Structure formats: C-alpha cells, structure tokens
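Start counting the sequence shown at 787; every next residue gets the next number (our numbering).
In this text, a Cβ means the ideal position worked out from N, Cα and C, and glycines have one as well.
Please read all numbers here as calculations on a predicted model, not as lab measurements.
Report on the following structure.
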Amino acid sequence: MTLDNVQDIRRQFAADYHRPQYHYLPPSNWMNDPNGVIQWNGRYHLFYQYNPYGAHHANMHWGHAVSDNLIHWQDLPVAIAPTPNTVDEGGIFSGCIVNDNGVPKMFYTGVNPDYQVQTQCLAIGNDELDEWQKHEGNPVIAKPPASFVQFDAFRDPFVWREDDAWYMGVGARMDGVGGAVLLYKSDDLVNWEYLNPLLVGSLSTSGVMWECPNFFPLGDKWVLIISSHIGYATGTVLYFVGSYENYRFTPEVEGVLDPAYYYAPLTHEDNQGRRIMHSWIREGRSVDTQVQAGWSGVQAIPRVLRLDSKNRLIMTPVEELHAIRGTHHSITQDDLDDTLVPVQGMHLEIHASFDPSQADNCGITVAASADGREQTRILYDRDTQVLRVHRQYATATDDLETNWQGTPHHLDADEILDLVILLDGSVLEIIANGRSSVTSRVYAQHQDNDHIHIINPTTLQTLDIYDMPSIWS
Ligand code: DQQ
C-alpha cells in the first residue's frame, strides 16, 4: 500500500456492505489492537497492530493514522516494522507512546518468530511520529522477573509518569494462579527496575493471562483495565477501580468492561484532560472469509471514561461523533407498525430507552429480514438483569459465529434502561446506561436485511435514530 493509492483501495470495497463506514479501519488487510494512541502537536495519532501482507494475524507492524477529531482519519505509512535477526524479528506487538519532554518514545513488545520470547523494547520518534529509531540497547527489559518464568506471556507495556519517575505495567501470567500486571520503575525510560505485581488475578474468575494493561488515575481513584486472554482472539475485558499506594493497587469495584468482540483497549489522556479509550473490534467470521474479504478488524468509536458516584466505569462515545450525524428520526410508540420501526439501515446511531417494569424483557431488534427469519436481538431480561445479543441468520453457515453475548447489567431502583447502539455495516457496539458494554458482529446475508423492531413496544420510552454517513466520502 502506498499513500497514493489508499483511496483506490478503499473504493474497491465500495460494494462490500459488511464494511463499516464511520468506524476506522485501514484501507485493507489485517488490523487488531490500537497502539501508542497519543495527542501530539494537537493531532490524534492512532497506531495499530497491522499485517501489511494479508487479512490474517501475522507479520505484526504498527500501522498509523492521524485525526483532528477522532472520527475522520488520514492513513499514514506503516510506522515501524520488525528487523530481521533482532529481538523483534517475529513482530512488533502492542504498546504505547509517551511524551518525554517533547521527545516521543514508543514502547512495544518485540517477539521472536514463534512468539515464545517476548521482550520490552524502546524506539525514539521524530516530531511527525512517522519515523522511529529503535534503541540500540534493545530490549530494555529482556525477560520477566524470576517468579514469572513464562517468556511467552510477557507483553504490552503501558508507561506513565508519576511524581518524578516513570512506571510501566506489563501483561503477564502466573502459571496455576492467573493473569497479572507486573510493575516496573525507571528514571530514564531505559533502565527499568522490577517492583512487584501491580495486581494478580485468579484463574477461575479472570482468566489465564492478562494482556494490554492500562493503569491511570480517574477522579480520586485509579483504574486498571486488562484484556483477559482465553485463547486466540477471544477474551473478556475487565476493569478494576480502587486505590494505589506504595506500588500496590487495591481494587474496590470491579466489572466486565465488555465480554465479547471489544478487545485490547488502549487509553490516553488528551489535551482537554479527557481519558479516551480506543479498542479493536474483532471479526465474527472464519479466517478464510476474512482473507477473502481482504480486510479484518475495526477500531471502536473512541469512548470518554469517567466514574459515577458508585465508582463504576462510565463510557460515552466521544461527542465529536455528533458532528457527522445525518438525518434525525424521532420515533414514538404510535409510529410503530406493530413492532416495526419506520426507519431502516445498517449505518445508524440509535438511542433507545425502555421502562423494564412493563414486561419481562425489552429491547430492540436490528439487521432483520422482512420475513424475520434473520435478525439480531438486543435483549434486556428484567429478572436476570442481563443484557444479551442474539444473532440468527436466515441460512445456517459455519462461516459466521452465532453464539450469544451477554453481560450483567444491574439497574438501580426505578432506573430506566438506556441504550446507545452504534450499528455500522457488520459492527454492533452497545452501551447500556453508560456502564455496560456489549460489542458484536453481524453479517447480514442480504443487503436489505436492515429492518428494526422494538421488543415489547409498551416498554419503549424514547427512540432517536440518526443516519450515519461514510467518513471517507
Ligand atoms: N495482540 C498483540 C499482543 C497482544 C494481543 C499481538 C492482544 O501484543 O497481547 O498482535 O490482542
């Protein structure tokens, strides 16, 4: 891919109605985790795990895009690539970028070809963030501490400045115990001293290994976000809110950030002081189908994080999204034809609220065929207090994942159910009352399978739908 032909490459996919229009993805090929997100000289830079040679996970480079508003992105050349016969010859895995007195410094995990050896590496950037010089003394951390001997589970450095020192959290695994984040300290970003685990999880509740840690202050608390690795490209994102003292983090509130397709989020603080979270949304179809499609992986719409009065994590899509909204449809119960909503589409922002006391369950169906044989139900069950996504295709196929996703969603007394739904081709992001997120992928088997229904319409309180345009036109 050269920068001259990115528009041509994007145009080649114009007829692919599964491709998102207002979520960022590279012109073609594979993308996974966001990396090194930072606001630099006023502009937002997004780097991401990228395979320039195909739509499958291999040959990890960092792709690069830049934006003034977190919604419209400009593609830039690959930022950094593996170097043969060095510690990163097998790939440049995930990491972050920090501002060291005006000098951009990138931390990433260098891996050997079979990913069995993972080390933390440093690269120094220019002021455009498009040229990166690898530190001659790489790796800056060659292996995990003695109590964590798993060389193949030691990755995704997250670096922050606190008082007069730098700190790094690295994702890890303690065999037989669970995932962990390892805490390091440095004065110069080159020499790192291991302190202790920031937090260790438990096999039964939080998985085998923790990837992509984020650790940052929010309000008067500290927040730890980890991606709990279960197997290849599957896992759950968890968050912990608590206090941090003497290099130890004590969680007080914890929750599922997203159970399903939203994975490896990375946060940064922007110039307005907002803590912004980016994330990979993985595919829900077979590797062969992804390769044939020529693209795989999408970035979620960035979310601003805050805590509510109970110290639960609250996520709001960045308000910059509002600027691109198209036609607004305001719909009441009277506008429905039985359950059918008089608006169709697969590129929509939907805000819907429900009174769950009116029926056993409530919610909204999207991506429905006219005969209802195909549909995706976003369903809230009042008794179990679980928010679920159920996908049903008209024709059975092994190519498409059809398992349901669900997350606990406890409503406070008399609280209404408030859903924000970002539907975009095959992408489905759902945030309930700001604090529960379920992300899914839906591949309509026909372009016209884009009807919307309300489940138990007497529960409906408000419904606002915005047509969403392409960010590329
Ligand atoms: N993806 C990267 C790793 C990270 C994983 C490799 C999470 O650095 O642990 O592409 O999706």
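- Burial is judged here by how many other beta carbons sit within 10 angstroms of a residue's own beta carbon; LYS1096 has fewer than 16 and is exposed.
- Residues of the same chain with a CB within less than 6 Å of the CB of VAL903, apart from the 5 flanking positions on each side, are PHE937 in chain order.
- Short of 6 Å from the beta carbon of ARG941, and not among the five residues preceding or following it, lie these beta carbons of its own chain, in chain order: PHE879, THR895, GLN904, GLY957.
- Pairwise C-beta distances place the segment 1141-1160 in contact with the segment 1239-1258, as three or more of them are shorter than 8 Å.
- In this structure, the C-beta of GLN835 approaches the ligand DQQ to less than 6 Å from one of its heavy atoms.
- Counting of Cβ neighbours within 10 angstroms places SER1143 among the exposed residues, the total staying below 16.
- Here the distance from the Cβ of MET846 to the nearest heavy atom of the ligand DQQ is below 6 Å.
- Of the residues VAL1027, ASN1032, GLY964, the one whose Cα lies closest to the Cα of ASN982 is ASN1032.
- Comparing alpha carbon positions, the residue from GLU914, ASP900, TYR901, ASN885 closest to LEU908 is ASN885.
- Relative to VAL963, the option among TRP1066, PHE934, HIS809, ASN924 whose CA is nearest is PHE934.
- The criterion of a C-beta distance shorter than 7 Å is not satisfied by LEU856 and GLU1055.
- Excluding residues up to 5 positions away in sequence, LEU1173, HIS1195, LEU1205 lie with their Cβ nearer than 6 Å to the Cβ of ALA1218 in the same chain.
- For the alpha helix (DSSP H) assignment, the uninterrupted runs of no fewer than 4 residues enclosed by the segment 1059-1146 are, from N- to C-terminal side, 1073-1079.
- ARG797: member of the alpha helix (DSSP H) spanning 792-798, first to last residue.
- In the structure shown, LEU984 adopts extended strand secondary structure according to DSSP, grouped into three states.
- Between the alpha carbons of PHE799 and VAL1213 lies a distance of about 16 Å.
- Here GLN1130 is near ASP1236, since their CB atoms are less than 7 Å apart.
- GLU1215 and ARG797 have their C-alpha atoms some 25 Å from each other.
- Under the three-state reduction of DSSP, SER992 is assigned to helix.
- Straight through space, the alpha carbons of LYS929 and MET1132 are spaced by roughly 47 Å.
- Within the same chain, no residue comes within 7 Å of GLY1158 by CB-CB distance, once the 5 residues on both sides are set aside.
- Across the structure, VAL1090 and ASP1124 are spaced so that their CA atoms are roughly 37 Å apart.
- Secondary structure note for TYR1252: its beta strand (DSSP E) is the uninterrupted segment 1246-1253.
- Measuring C-alpha to C-alpha distances from ASN887 to each of VAL873, TRP859, ASP950 identifies ASP950 as the nearest.
- By the Cβ test, the segment 1066-1078 is in contact with the segment 1036-1051, since at least three Cβ pairs between them sit closer than 8 Å.
- Boundaries of the beta strand (DSSP E) harbouring ILE1217: 1213-1218, taken from the DSSP string.
- Nearest Cα to PHE893 within the set PRO899, TYR901, ASP900, ASP874: ASP874.
- In this structure, the alpha-carbon of ILE1202 lies about 16 Å from that of ILE1164.
- Secondary structure note for ASN898: it is in no beta strand (DSSP E), with a DSSP letter that is neither H nor E.
- Taking 6 Å as the cut-off, one finds no heavy atom of the ligand DQQ near enough to the beta carbon of SER972.
- Assignment of alpha helix (DSSP H) within the segment 1143-1187, counting only whole runs of 4 or more residues, yields no such run.
- GLU979 and TYR1030 have their alpha carbons spaced roughly 19 Å apart.
- Boundaries of the beta strand (DSSP E) harbouring LYS920: 918-920, taken from the DSSP string.
- With contacts defined by Cβ atoms closer than 7 Å, GLY876 and PRO899 form a contacting pair.
- GLY1083 counts as buried, since no fewer than 16 other beta carbons sit within 10 angstroms of its beta carbon.
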